[in-house]
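Okay, so here's the structure we're looking at.
Residue numbers (my numbering), protein chains in the order written: chain U, 1 to 232; chain S, 1 to 483.
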């Protein structure tokens with residue numbers, strides 16, 4: 001067993017195991033550090049930057065930073081909260097996220113974060129990009145309007161040989177997460193549901209199944225995202 | 001010198017519209033028009049979206065009666081997913097949707113009568129505009145105002161319990177419903193603390209009908225002659241001719257009561273109904289094909305429903321229906337202001353239907369969804385508070401919407417509203433040298449009778465600025481007033 005080490009988050013004395021990722025170590029201590037591209041069981045990528053904290057005064061992503069003895073971490077400062085809110089706002093304006101008609105509403109991590117960070121109108125102009133809906137696969141629909149390019153599906157949804165059902169296409173602002181046509185043709189209903197569940201937004205949706213969970217029973221209907229960690 | 005009067009925007013209706021009235025050199029009204037000046041584009045931008053999004057997406061057309069759009073879309077999609085033509089749902093799904101719908105009719109009619117229309121009756125068309133509103137009603141007739149507020153609240157709570165939210169819920173899904181009513185919720189509606197229980201709602205609904213009948217007795221001239229003109233009437237009726245606000249066959253009668261559309265299956269509505277586009281309004285003019293653009297227009301809504309139905313299948317409302325019908329000797333009622341009377345009888349019917357459904361064990365248990373062989377086209381109709389609502393969708397082989405046609409209730413009432421405006425303008429404005437606020441309100445009252453949802457959108461109700469501009473024959477502004 002790894003050695004227990006001591007560290008501080010926002011002045012609170014914390015304990016965890018040496019080398020554990022900071023997001024998980026904080027969670028053990030009842031502290032929520034928001035994440036979006038991170039997903040339990042997948043190797044962290046640190047791409048969305050929403051988990052940015054200050055470790056000993058320097059910015060770092062908490063999902064990729066191992067915790068060490070004596071670290072002093074800032075998490076809930078006004079500066080960091082505003083930076084995180086800006087990232088959320090940028091994600092909203094760079095896609096077409098119309099929560100009122102999205103079936104992921106209530107289960108969407110991006111929406112839940114926007115509520116947590118009290119996003120009202122974004123400070124950035126909406127891009128309103130012209131995005132496609134790929135409805136050509138038998139089990140799922142990939143709505144590019146809502147994709148935030150977090151790569152969770154690429155990293156997490158694989159067949160028995162380890163081939164991913166999803167892949168990046170293009171670069172920069174034209175980047176897309178696309179579906180492997182051949183693999184998707186054989187996709188099981190179970191795998192399709194896993195893909196929908198791993199997607200933090202409503203970009204991957206299982207065909208012909210929307211809104212079967214009533215309002216009130218959805219993931220974030222009763223408590224804000226992160227409160228399960230904080231109230232633990 | 002000819003003049004043109006513009007009333008913009010029209011107040012105490014849902015959405016934005018304006019009225020123009022043209023006067024000739026002698027000050028006689030030559031032409032009046034109700035213009036709908038908003039453009040929404042829903043039929044176009046839903047194309048490409050997955051079909052199961054429709055009930056949740058298109059209900060955003062409206063913040064007052066979203067349930068109507070929610071359910072009409074769901075009914076159309078029931079057909080697409082092979083759940084029958086309105087008769088294939090599980091008993092639980094059918095009854096939960098009906099409960100949601102009657103809650104919706106109850107709250108929307110209450111909103112219209114107590115908040116929007118009653119001030120004109122209590123204070124008079126020419127009453128002081130400062131108090132001729134719901135606040136004035138609260139100050140002078142608190143009991144009536146409180147009843148209106150609480151009745152609306154009760155309807156909204158029913159919607160919330162069946163759809164998940166008071167506005168823009170998600171209860172209806174293609175082929176069914178996504179929840180039961182809990183026993184706690186049911187018991188609360190049935191036996192909740194006074195006044196929030198269904199028996200009180202029925203009492204208050206009956207009292208509202210009685211209030212109107214009393215008012216009518218003392219104001220016969222106003223109620224009977226105001227915007228009274230012959231019209232065809234169209235609505236859904238149950239197969240046996242009963243009033244049914246959720247499902248049925250399409251029936252139309254002419255102003256004398258002769259059936260001109262014989263209980264047809266609404267899946268074939270395009271065989272019977274067409275829409276005309278006129279250059280001066282974004283709202284189309286529907287008409288019965290067989291009778292043409294000139295004679296085929298019709299009225300929908302409470303007045304039309306009481307004219308087409310043979311009876312109302314709930315005892316108290318049926319009793320009122322008989323009194324109402326006796327007033328015109330069993331003939332169709334063409335008096336626009338009787339729309340309020342008809343609306344109140346429907347409030348009573350909705351309350352009775354809610355009680356019946358709340359006592360039905362199917363709403364707290366049973367299968368929620370049914371599906372069958374998918375097809376690529378579906379049509380869903382129901383009787384929204386303001387009248388017959390049409391939703392028609394086609395999907396492509398990838399489950400995406402390829403065509404949508406929505407004929408909303410207010411669109412169906414386009415021609416009757418224009419006729420009402422014209423008649424009232426002629427009565428109140430012809431030969432007048434000055435256009436006064438009561439005269440402008442008189443025109444609005446005729447529109448309000450139809451409870452139009454001009455944008456069928458989410459708009460705050462309330463006092464909006466009313467502008468009147470007078471133009472001469474050369475379209476030059478010669479006078480302007482604003483309140």
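Every residue, glycine too, gets a C-beta built ideally from N, C-alpha and C.
Residue i, enclosing alpha helix (DSSP H) - first and last residue
i	result
residue 222(S)	220 to 225
residue 308(S)	302 to 308
residue 485(S)	No answer is possible for residue 485(S): the residues shown for chain S start at 1 and end at 483.
residue 343(S)	338 to 358
residue 24(U)	22 to 28
residue 318(S)	315 to 327
residue 220(U)	Segment: none, residue 220(U) is in no alpha helix (DSSP H) and carries neither H nor E.
residue 143(U)	That residue, residue 143(U), is in no alpha helix (DSSP H); its beta strand (DSSP E) goes 140 to 143.
residue 68(U)	Per DSSP, residue 68(U) belongs to no alpha helix (DSSP H) and is neither H nor E.
CA-to-CA distance, residue j to residue i, given in whole angstroms
i	j	result
residue 74(U)	residue 18(U)	19 angstroms
residue 139(S)	residue 209(S)	22 angstroms
residue 20(U)	residue 40(U)	13 angstroms
residue 28(U)	residue 156(S)	43 angstroms
residue 70(S)	residue 379(S)	13 angstroms
residue 204(S)	residue 147(S)	7 angstroms
residue 54(S)	residue 32(U)	37 angstroms
residue 18(S)	residue 366(S)	49 angstroms
residue 174(S)	residue 96(S)	14 angstroms
residue 91(S)	residue 307(S)	29 angstroms
residue 351(S)	residue 438(S)	35 angstroms
residue 185(S)	residue 103(S)	14 angstroms
residue 141(U)	residue 203(U)	8 angstroms
residue 124(U)	residue 89(U)	7 angstroms
residue 554(S)	residue 210(U)	With chain S covering 1 to 483 only, the question about residue 554(S) has no answer from this structure.
residue 33(S)	residue 423(S)	11 angstroms
residue 143(S)	residue 133(S)	15 angstroms
residue 198(U)	residue 359(S)	42 angstroms
residue 344(S)	residue 356(S)	19 angstroms
residue 257(S)	residue 103(U)	46 angstroms
residue 373(S)	residue 228(S)	48 angstroms
residue 183(U)	residue 310(S)	59 angstroms
residue 216(U)	residue 106(S)	24 angstroms
residue 221(S)	residue 426(S)	17 angstroms
residue 123(S)	residue 153(S)	25 angstroms
Local conformation of residue i per DSSP, three classes
i	result
residue 23(S)	strand
residue 366(S)	coil
residue 85(S)	coil
residue 458(S)	Any reading at residue 458(S) must be qualified, since the residue scores a pLDDT of 23, below 50, and its modelled position is unreliable; the value itself is stated next. In this structure, residue 458(S) counts as coil in the three-state DSSP scheme.
residue 180(S)	coil
residue 427(S)	helix
residue 405(S)	strand
residue 92(U)	helix
residue 54(S)	helix
residue 161(S)	helix
residue 486(S)	The shown model of chain S, from 1 to 483, leaves out residue 486(S), and the question about it has no answer.
residue 111(S)	helix
Endpoints, beta strand (DSSP E) assigned at residue i
i	result
residue 240(S)	Neither: residue 240(S) is in no beta strand (DSSP E) and is coded neither H nor E.
residue 14(U)	12 to 17
residue 290(S)	No beta strand (DSSP E) holds residue 290(S); DSSP gives it neither H nor E.
residue 177(U)	176 to 179
residue 6(S)	3 to 8
residue 263(S)	259 to 264
residue 386(S)	Residue 386(S) -> no beta strand (DSSP E), and no H or E assigned at all.
residue 166(U)	166 to 169
Partners in chain B for residue i, counting only beta-carbon separations shorter than 8 angstroms
i	result
residue 44(U)	Here the protein chains are U and S, and chain B is not one of them.
Within 8 angstroms of chain U by C-beta, residues of the stretch 167 to 181 of chain S in sequence order: 168, 169, 170, 171, 173, 174, 178, 179
Contact set between the stretch 42 to 71 of chain S and chain U, restricted to residues whose Cβ is under 7 angstroms from the partner: 48, 50, 52, 53, 56, 57, 60
Residues of the stretch 193 to 212 of chain U with Cβ closer than 9 angstroms to any Cβ of chain S, in chain order: 205, 207, 208, 209, 210, 211, 212
Positions along the stretch 82 to 102 of chain U whose CB lies within less than 9 angstroms of some CB in chain S: 98, 100, 101, 102
Members of the stretch 119 to 148 of chain U that neighbour chain S once the beta carbon cut-off is set at 8 angstroms: 133, 135, 136, 141
Residues within the stretch 400 to 428 of chain S neighbouring chain U, beta-carbon criterion of under 8 angstroms: 400
Any 3 or more C-beta pairs closer than 8 angstroms across the stretch 188 to 199 of chain U and the stretch 153 to 162 of chain U: yes
Residues within the stretch 79 to 107 of chain S neighbouring chain U, beta-carbon criterion of under 9 angstroms: 81
Cβ contact (3+ pairs, closer than 8 angstroms) linking the stretch 387 to 396 of chain S and the stretch 64 to 78 of chain S: yes
Touch test, the stretch 263 to 278 of chain S against the stretch 211 to 228 of chain S, Cβ-Cβ under 8 angstroms, three pairs minimum: no
Touching by the beta-carbon criterion (3+ pairs, under 8 angstroms), the stretch 58 to 70 of chain S and the stretch 120 to 132 of chain S: no
Short-range partners of chain U found in the stretch 339 to 372 of chain S, where Cβ spacing is below 9 angstroms: 368, 369, 371
Stretch pair the stretch 101 to 117 of chain S + the stretch 400 to 407 of chain S: three plus CB contacts closer than 8 angstroms: no
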